[in-house]
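Residue numbers (my numbering), protein chains in the order written: chain A, 1 to 302; chain B, 1 to 302; chain C, 1 to 302; chain D, 1 to 302.
For each residue, glycine too, the CB sits at the ideal point set by N, CA and C.
The structure under discussion appears below in the form of structure tokens.
Number of protein chains: 4
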Amino acid sequence: MPLNSEQIAEIEELRSNPQPTLRAVAPGMEKHLYKAHEVLDHGFVRVIDYMGDDAAICQAARVSYGKGTKSVQNDEGLIRYLMRHWHSTPFEMCEVKLHIKLPVFVARQWIRHRTANVNEYSARYSILDREFYIPEPEHLAAQSVINNQGRGEALTGEEAARVLRYLKDDSHTAYDHYEEMISQDGQQGLARELARMNLPANVYTQWYWKVDLHNLFHFLRLRADSHAQYEIRVYAEAMCEIVKDWVPAAYGAFEDYRLGGAVLSGKGVECLRRMLAGEEVTQENSGMSKGEWREFMGVVGG
Amino acid sequence: MPLNSEQIAEIEELRSNPQPTLRAVAPGMEKHLYKAHEVLDHGFVRVIDYMGDDAAICQAARVSYGKGTKSVQNDEGLIRYLMRHWHSTPFEMCEVKLHIKLPVFVARQWIRHRTANVNEYSARYSILDREFYIPEPEHLAAQSVINNQGRGEALTGEEAARVLRYLKDDSHTAYDHYEEMISQDGQQGLARELARMNLPANVYTQWYWKVDLHNLFHFLRLRADSHAQYEIRVYAEAMCEIVKDWVPAAYGAFEDYRLGGAVLSGKGVECLRRMLAGEEVTQENSGMSKGEWREFMGVVGG
Amino acid sequence: MPLNSEQIAEIEELRSNPQPTLRAVAPGMEKHLYKAHEVLDHGFVRVIDYMGDDAAICQAARVSYGKGTKSVQNDEGLIRYLMRHWHSTPFEMCEVKLHIKLPVFVARQWIRHRTANVNEYSARYSILDREFYIPEPEHLAAQSVINNQGRGEALTGEEAARVLRYLKDDSHTAYDHYEEMISQDGQQGLARELARMNLPANVYTQWYWKVDLHNLFHFLRLRADSHAQYEIRVYAEAMCEIVKDWVPAAYGAFEDYRLGGAVLSGKGVECLRRMLAGEEVTQENSGMSKGEWREFMGVVGG
Amino acid sequence: MPLNSEQIAEIEELRSNPQPTLRAVAPGMEKHLYKAHEVLDHGFVRVIDYMGDDAAICQAARVSYGKGTKSVQNDEGLIRYLMRHWHSTPFEMCEVKLHIKLPVFVARQWIRHRTANVNEYSARYSILDREFYIPEPEHLAAQSVINNQGRGEALTGEEAARVLRYLKDDSHTAYDHYEEMISQDGQQGLARELARMNLPANVYTQWYWKVDLHNLFHFLRLRADSHAQYEIRVYAEAMCEIVKDWVPAAYGAFEDYRLGGAVLSGKGVECLRRMLAGEEVTQENSGMSKGEWREFMGVVGG
């Protein structure tokens, strides 16, 4: 970022005018409305609207005329039960609409989650800003030597410096040429829908993204995970903080049963039982491949 | 219906406690919240929650920091443009959650629209009420003689009386036996998940149904149409009235471009141009089948 | 069932005419094509078409010009890796189309899985057959006394006899009246779309159901589970047998990682580690509710 | 392109081995299997697999044991009826899997159609090729002066030359640096998931895209339209040619009722009737905005 003064004024105007409603109101979410939570060097996550709260999950699960249960405590118990038994539809009854600014290569990963509504800033109609993601030096990671999809240690010295120089210089050259190509000053000007093709994948875009809570949890489970690419994980983490304030009971259940939980294979369950019965179980006698065994050990803490 | 006193008290409690919010508020929709709009003999449509208003459609289309356009008039122009050019995603940015009570055979048609979130009252857990749809005499229609899928005139006399008698008597017998089978008075009692199979398709069920405005419009276009079965059309019409109060500009555009509009085939466009050029066009020289021609005449008013 | 001679002739005609194709062919699936696998008293599952095989999953995961990997063994390893790490999109690249005959109350559960394509036999156009699900005596279960959603022991004696009598008699009375109402013999005949409302939920319907392998696995995980209602579980089990022949490697991975696996909560993982470290862990010192502890014990085999 | 010899060999291997199947076979589609239809300078559309044919649409609409109708002629009539009355589910019963190579900025538009299955070549795992879309001079269009979203005439002379120079030079510089950054020759090498961010949006990517016929028609209606960006339209047009060979009756109905048809608003229908009654209707007395009137005139041919 930072936001310019016009944007700040727009946000302040939106935050200055509370109105009465009869709908479910989540006080913990109201405080987030319209504010921009900074992510990466120019990105943000901003809550535009939401529907429902913890009680709304119970109300829908019960198909109730009034409130779903008699107390917050009952709500929490019911929510944990629903999460544990994969009753996903009550969580679909909450919805959130976010305004997100993110680099294009992150947007390309993000959009693979199809069960959401999206309006992206159009580079056919409009001119993109000169804003590019340039990683902090500590996030300039080497290719992992043990995992095709992973990152190793951060680069250092001349190698790191050269990468940063390339990323910065190429971005700016590309943008200079983008501007020159679309300029209508003394020339016709290339169509915007064509000129955008010159911009690299670290340019920032923006979108409105609307999703229900069940599908958001699915997104967060995959993207707040340690295997997710750092640049999307920080968005997922920012959203986790927001969701925790919005629906604390549902988020608590999600944290316990999904984020902090573990999935065991049939072989894993069998090995576990053998271990608890006192048997010495090794990869060799486990029936698992090396990869599976490593992941299993990660769960049981071996 | 009518609602019982406990249900009325629950609704009144929900309507008695306005709270401040910073979100978009649609005043025309607030007045509908929680109230039950009666449909058929025991059914209703009831707004539980909503997200967004006309301005929110523009705000998303523009991916805006603040409001989408400067005025209500500009909003309306943009909304009509979006509707006309099939830009559906901005309409997906509004969402509504409804509580609906409806006969099972209507629910079975309804659920074919898959792009919505649903929580239905569970007849595995709970006991269904003794409420059955019995048509008004004027809706007791004969099978159409020209259309396999349609209705003809209303039945009369002894034939009508016998139909009503069957529908009422069979419903009540089925429910008496349902109650007897699940009773745990002096016996084990059949599992609810089995006993429900004895109930006919005119028994009422209930669900929470949440859908975005684009998909709701799609539903309404198909189900508020004169070819839709009467018993689902009355639900669609009740929802049209609600949506008109919620997002008047979007509903106006929907009414003009979808509900009140017409789709012509390539052959239809060609015939139209020939007619406007003064040529006498008949089914025989139109290239259309009889069915197509009849529908084309319905549009051009011949 | 059984199928009538005309249906058998149609199936035989379809099975008698192999044609050459360049597409992926799954020999294990060809033998199932068009055959009706009987389920319940009148139902069936019948494969109409399929797309892809185990190799096609790898080919898509690799976005390959030719085959995905060099060998069946490599395919299996890659498939297990994809399943373990929740890479769902390659499994979406296989598709199956089934013709299913099932009682309406089962269809109503089934249709809650929305990510599939469905064409149901229309009771607006057509006349339903006189076929109703009547449970075998051993499946005439009592309501569970420990679980609102479950079944207890089978009913016996006079109670069981009475239930069977009600189910049979009410079905037949309802169908007699359905026939009388729609009859055009000496009367107009009630519209089919109305008459169907008199039929109970154990009447059979039919549909074509098309789904990709990822979403089919999701369905099977929930519906082949011991908590699923018996009457839908038998359909899921019949489909498991078919899928095993179609994509043996994918099914094997599914069986190990989903069907036979287990999900532990964060608290469960913690308790497990304490147990493996030799500590005595009980429900009281586990931090879990009684329900959670019971389910946890079910996994670790305590 | 062109394909390299290894890729050609893989395609030839796949095409050389017909196998018998009992499934529906569409002869017109078999000839396309695996072949690459060239699009733009390096892109292609390639059929990997398909399910169903025209007859399969009818079979599903009828929920049939055998074939859906008795003759190809009946099939066509039924298909036209289904298309005209928006019965979309039978068209969902056909499915196609395509391998597509396309520039990233085209992929970003494409992916907004969410009802499809996608596996994209991963730039986290793999190294992208040095292939960039460089428009033919006649497609180097200026920004439209009357439409924010459109293109005007092709650029010429020095302006065109400079645009081409920028696009080529910047692509190659970006790729040179991409290669240098990921190189592990004498250095650690930047993680691929980071290095890709330096590549511009005209770099080519590839994916497997699987979609049902109903949703494919929806895509084609929007993207084969004259308002679609040229670079995605050519892919849509290539797919139209393929679909025409696959399901000729369904494609014919699509062409007549969707591609070649027109949608009129309620106001449009009213004006049309006035015109046919001999009245002189102008924009001023039409009740339409200028934009609407221009589009209306485009339909009626004024």
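With a minimum length of 3 residues, the unbroken runs of beta strand (DSSP E) contained wholly in the segment 140-210 of chain B fall at 141-143 and 151-154. As far as DSSP is concerned, C:Ala116 takes part in no beta bridge. Contacts between C:Met288 and chain D, judged by CB atoms closer than 7 Å, are missing: the closest CB pair is about 38 Å apart.
D:Val203 places its beta carbon 8 Å or farther from that of D:Val118. For B:Gln19, there is no enclosing alpha helix (DSSP H); the enclosing beta strand (DSSP E) covers residues Gln19 to Thr21. In the three-state DSSP reduction, C:Ile48 falls in the strand class (E or B).
Spatial neighbours of B:Leu190 in its own chain (CB-CB distance under 8 Å, excluding positions within 5 residues in sequence) are listed in chain order as Met181 and Ile182. With contact defined as three or more Cβ pairs closer than 8 Å, the segment 84-94 of chain B and the segment 47-65 of chain B are in contact.
Proximity of A:Gly152 to chain D, defined by a Cβ-Cβ separation below 8 Å, is satisfied. Boundaries of the beta strand (DSSP E) harbouring C:His99: Glu95 to Pro103, taken from the DSSP string. Contacts between C:Arg84 and chain A, judged by CB atoms closer than 9 Å, involve Val263, Ser265, Gly291, Glu292 and Glu295 in chain order. Distances from the CA of D:Leu194 to each of A:Arg294, A:Glu10, A:Tyr65 and A:Tyr133 were compared; the closest alpha carbon is that of A:Tyr133.
None of the residues of the segment 90-102 of chain C has a beta carbon lying less than 7 Å from any beta carbon of chain A. D:Leu3 sits in coil when the DSSP states are folded into three classes, being neither helix nor strand. Taking 9 Å as the cut-off between beta carbons, none of the residues of the segment 193-218 of chain D comes near chain B. Minimum Cα-Cα distance from C:Arg162 among the listed residues C:Pro137, C:Arg233 and C:Glu270 corresponds to C:Pro137.
C:Val45 places its beta carbon less than 8 Å from that of C:Leu98. Proximity of the segment 256-263 of chain C to the segment 109-118 of chain C falls short of the contact definition, fewer than three beta-carbon pairs being nearer than 8 Å.
Linking D:Tyr178 to C:Met288 through their CA atoms gives a straight-line distance of about 51 Å. A:Leu33 places its beta carbon less than 8 Å from that of B:Leu22.
For the segment 48-64 of chain D, the beta-carbon criterion of a distance under 9 Å to any beta-carbon of chain C is satisfied by Ile48, Asp49, Tyr50, Met51, Gly52, Ala56, Gln59, Ala60, Ala61, Arg62, Val63 and Ser64. Taking 8 Å as the threshold, the shortest C-beta distance from C:Pro20 to chain D falls below it. Your pair D:Ala56 and D:Ala24 checks out as a contact, with CB atoms roughly 5 Å apart and the cut at 8 Å.
Separation of the CB atoms of D:Ile79 and D:Ala224 is rounded to 19 Å, and the pair is thereby denied contact status at 8 Å.
Between the alpha carbons of A:Ile48 and B:Leu272 lies a distance of about 47 Å. Residues of the same chain with a CB within less than 6 Å of the CB of B:Val243, apart from the 5 flanking positions on each side, are Tyr251 in chain order. About 7 Å separates the Cβ atoms of A:Asp54 and A:Pro248, confirming a contact at the 8 Å cut-off. The beta carbon of C:Arg192 lies closer than 8 Å to those of Ala123, Arg124, Tyr125, Ser126, Ile127 and Ile182 in the same chain, with the five residues before and after it left out. The C-beta of A:Glu138 comes no closer than 8 Å to any C-beta of chain D. From the beta-carbon of A:Ala24, the residues of chain B found nearer than 8 Å are Asp49. Per DSSP, reduced to three states, the secondary structure at C:His37 is strand. Annotation: B:Leu40 to C:Gly152 spans about 38 Å, alpha carbon to alpha carbon.
At a C-beta separation below 8 Å, B:Glu38 has no neighbours in chain C, since its nearest C-beta there lies roughly 19 Å away. Interface residue (Cβ-Cβ distance to chain B less than 8 Å): C:Arg124 is classified as such. With its beta carbon at least 8 Å from every one in chain C, D:Tyr251 lies outside the interface.
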